[in-house]
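All remarks here apply to the structure that follows.
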Amino acid sequence: MERFFLQPADRKDAETAMALIDEAKKFLKTQGIDQWQTGYPDMKTIGEDISHGRGYFIVDGSKIAAYLCIDFAGEVSYETLQGKWKSDLPYAVVHRMAICGEYRGQGIASIAFRLTEKLCIQKGIYSVRVDTDENNTIMRHVLSKNGFNYCGTIWFDNNEKYAYEKILKREVSVNGAV
């Protein structure tokens with residue numbers, strides 16, 4: 016039996032998701048990373064994720080390992096990319112990935128991307144886009160390791176972000192968990 020699953024977040028889960036975001040904010044700060052240090056994301060953002068069906072948890076049995084937003088509606092700031100996207104395909108955006116401290120350093124971000132890719136393929140979406148701060152070398156490494164290509168920069172949350180895209184293979188089999 017597989018260990019990790021993608022589970023949609025419910026309204027009652029908003030505080031749990033926000034606690035993971037707050038924990039990630041503190042971790043980023045200790046790493047000298049400015050990302051998420053201006054109040055974003057906040058409870059309103061997380062509530063909107065959940066109410067629009069784009070908030071998810073990575074679950075390990077009955078324990079929550081991470082929170083992330085998987086948005087199939089696109090991202091307005093991606094329309095002004097300074098660079099070039101790998102494709103013009105419909106895409107999913109991964110935002111607000113926050114790993115529980117207990118799971119940090121155990122490859123959960125890579126698992127989150129694999130589960131996201133399976134969900135995308137199930138929905139007939141073959142492109143995933145992500146952005147992160149220039150100084151978030153941890154996430155930039157994770158993106159590179161997981162086959163994302165740097166495409167240029169965008170402007171979001173009063174900051175320049177590095178934008179990445181990964182084109183998914185259509186022949187990948189789709190099983191529930193990883």
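First residue of the sequence shown? That's 16 in our numbering, and the numbers climb one at a time after it. Heads up, the beta-carbon is just placed ideally off N, CA and C, and yes, glycines get one too. Please read all numbers here as calculations on a predicted model, not as lab measurements.
Note to self: Mapping the DSSP letters down to three states, classify Leu104 as helix, strand or coil.
What the structure shows: If DSSP states are grouped into helix, strand and coil, Leu104 belongs with coil.
Check: Does the segment 17-27 come close enough to the segment 38-58 that 3 or more CB-CB pairs lie under 8 Å?
Finding: In this structure the segment 38-58 does not lie against the segment 17-27, because fewer than three pairs of beta carbons, one per stretch, are closer than 8 Å.
Notebook entry, point to check: Measuring CA to CA, which of Ala107, Lys41, Phe163, Leu96 is closest to Ile136?
Noted result: Of the candidates Ala107, Lys41, Phe163, Leu96, Ala107 places its Cα closest to the Cα of Ile136.
Note to self: Shorter than 8 Å, the distance from the beta carbon of Gly98 to the closest heavy atom of the ligand FAD, or not?
What the structure shows: Ligands are entirely absent from the displayed structure, and the ligand FAD is therefore not among its contents.
Notebook entry, point to check: Count the other CB atoms within 10 Å of the CB of Glu180; is the residue buried (16 or more) or exposed (fewer)?
Noted result: Flag for Glu180 reads buried.
Item checked: Distance, Ala81 Cα to Glu30 Cα -> Between Glu30 and Ala81, the C-alpha separation is close to 13 Å.
Next item on the list: Decide if Pro105 is buried, meaning its Cβ has at least 16 other Cβ atoms within 10 Å, or exposed.
Entry: By the 10 Å Cβ count, Pro105 comes out exposed.
Next item on the list: Alpha carbon to alpha carbon, how far is Leu183 from Val143? Give it in angstroms, no decimals.
Entry: One C-alpha to the other measures close to 8 Å.
Margin query: Looking at the secondary structure, which residues open and close the beta strand (DSSP E) in which Leu158 lies?
Written below: Looking at the DSSP string, Leu158 is not in any beta strand (DSSP E); the run it does join, the alpha helix (DSSP H), is 152-160.
Check: Expressed to the nearest angstrom, what Euclidean distance is found between the alpha-carbon atoms of Ala178 and Lys101?
Finding: The alpha-carbon atoms of Ala178 and Lys101 are separated by roughly 11 Å.
Next item on the list: From the DSSP output, in three-state form, read off Leu21 for me.
Entry: It is a strand residue.
Item checked: Start-to-end residues for the beta strand (DSSP E) that takes in Leu83 -> Run containing Leu83: 78-86, per the beta strand (DSSP E) assignment.
Margin query: For a quick check, are the C-beta atoms of Asp146 and Lys99 less than 9 Å apart?
Written below: Result no, Cβ atoms of Asp146 and Lys99 do not sit closer than 9 Å.
Next item on the list: Consult DSSP for Gly62 and reduce its assignment to one of helix, strand or coil.
Entry: The DSSP-derived three-state label of Gly62 is helix.
Next item on the list: Could you tell me the boundaries of the beta strand (DSSP E) in which Glu175 lies?
Entry: Where Glu175 is concerned, the enclosing beta strand (DSSP E) starts and stops at 174-182.
Next item on the list: Enumerate in chain order the residues of its own chain whose CB-to-CB distance from Pro56 is below 6 Å, with the five nearest sequence positions on each side excluded.
Entry: Answer for Pro56: Ile36, Arg111, listed in chain order.
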